[in-house]
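What follows is a single structure, written as structure tokens, with notes after it.
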Amino acid sequence: MKARLIPSLLLFIGVCGHVLAQDGKTYTYHTKGSLAQNSRQSAQEIEDIGEIDEKGSSTPFREKLRFNVDVRSAYTTNALLQGNHGSSDVIFLPTIEAGFHTALNKYVNFDLDTKVESAIYSKFQDHGFVGYSAQATLDYHIREGLPRFYTTIEPYRYESFDTGQLQTEAVGFTGGTDWGIAFNGGRTLGFVGYSFTEYVSDPTIDTRQAHRIVAGFAHQIRSNLTAQLYYVYQYSNYTDFDRSDSQHTVAGNLIYQFNDHWYGSLTTSFINNDSSQDHVSYQSFSTALGLSFHF
């Protein structure tokens, strides 16, 4: 993937910081457009950033596959996500991801993403977990310059890293839309999006409905260095008992591309979660260094 074609990758790395958030899962955000498109894109480059690929059916099968390994080390001021007390910790966050993407026709794309991720705490070791998830997405985009619409099914399961005991498992059903536009000579990308997700979980105490709004910018500083700043608002309504959460996240990151396969990242985020249940209201500041291999 070329440096100028990495907005989806940037958003994925940035939003992955939410592994420390209350949802207990990560989510991705996809967008349109590219950074610094100074030359005509190949069909595969277009597919990489989610645009219409009229030759998708002739794309070699290998080019529809992806494999990523991401290793991050994060410092957070509130590892327990409880109140505002200083339960700071350093957390090791390795992730392995495999995916498949293909154009079904010039308007509709299918994407399958599978992931194994874990969190290893330095101080609060009994809070470590391993998670397994899959995400199947159909998206529809009528033409360049208009929003994309998508629907996603995502099952996930999180277990205690030490004991293997179930922490939570659920299936999420999502519908959403997103839109991005490049400007500043193609070096800056603005993006917005909205999604609604119904989570059916076990234990049922985690069954909820979630509305998410995201907005931000990505800017190519150099051909191999990109910065991103974004804001996410999420409202969650838990259907099995009297709880609702309003969560605000402000985050930014720097992505450095060493070559076609290796990326480094520096991510910083602040989360403010206001809940109707006082014991799960919290604030948290996190910063992380990461190294990713993409194949």
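In this text, residue positions in the sequence shown follow my numbering: the first is 1, and each later residue adds one. In this text, a Cβ means the ideal position worked out from N, Cα and C, and glycines have one as well. Remember, predicted model here, so these are calculated numbers, not experimental data.
For residue i and residue j, what's the separation of their Cα atoms in angstroms?
| i | j | result |
| --- | --- | --- |
| residue 218 | residue 152 | 24 angstroms |
| residue 300 | residue 241 | A query on residue 300 cannot be resolved here, the shown segment of the chain reaching from 1 to 295 and no further. |
| residue 101 | residue 276 | 40 angstroms |
| residue 62 | residue 99 | 11 angstroms |
| residue 229 | residue 201 | 32 angstroms |
| residue 187 | residue 143 | 21 angstroms |
| residue 238 | residue 210 | 9 angstroms |
| residue 112 | residue 169 | 19 angstroms |
| residue 74 | residue 81 | 15 angstroms |
| residue 104 | residue 114 | 20 angstroms |
| residue 119 | residue 131 | 9 angstroms |
| residue 214 | residue 244 | 19 angstroms |
Out of the options, which one is the CA nearest neighbour of residue i?
| i | options | result |
| --- | --- | --- |
| residue 274 | 77, 68, 181, 83 | 83 |
| residue 287 | 67, 72, 63, 65 | 72 |
| residue 269 | 279, 293, 254 | 254 |
| residue 232 | 272, 264, 197, 203 | 272 |
| residue 116 | 126, 89, 70, 216 | 70 |
| residue 150 | 143, 156, 144, 139 | 139 |
| residue 280 | 263, 64, 236, 118 | 236 |
| residue 94 | 87, 284, 121 | 121 |
Among residues of its own chain, excluding the 5 on either side of residue i, which ones have a beta-carbon nearer than 7 angstroms to its beta-carbon?
| i | result |
| --- | --- |
| residue 221 | 227 |
| residue 173 | 153, 197, 198 |
| residue 216 | 191, 228, 229, 230, 231 |
| residue 208 | 199, 236, 237, 238, 239 |
| residue 266 | 253, 254, 289 |
| residue 126 | 162 |
Go through its chain and collect everything with a Cβ distance to residue i's Cβ below 8 angstroms, but skip five positions before and after it.
| i | result |
| --- | --- |
| residue 179 | 31, 32, 146, 147, 148, 191, 192, 193 |
| residue 167 | 24, 129, 158, 159, 160 |
Kindly list the residues whose CB is nearer than 6 angstroms to the CB of residue i, restricted to its own chain and excluding five residues on each side of it in sequence; keep chain order.
| i | result |
| --- | --- |
| residue 294 | 68, 261 |
| residue 96 | 69, 116 |
| residue 136 | 112, 153 |
For the ligand COA, I want to know if residue i counts as a neighbour, meaning its beta carbon is within less than 6 angstroms of at least one of the ligand's heavy atoms.
| i | result |
| --- | --- |
| residue 150 | As presented, the structure is devoid of all ligands, the ligand COA included, so that no description of it is given. |
Unbroken stretches of the beta strand (DSSP E), 3 residues or longer, contained in the stretch 89-161: 89-103, 108-121, 129-140, 148-160
Complete beta strand (DSSP E) runs within the stretch 218-270 (minimum length 3 residues, chain order): 225-238, 243-257
Within the stretch 161-185, ranges of the beta strand (DSSP E) (whole runs, at least 3 residues): 166-183
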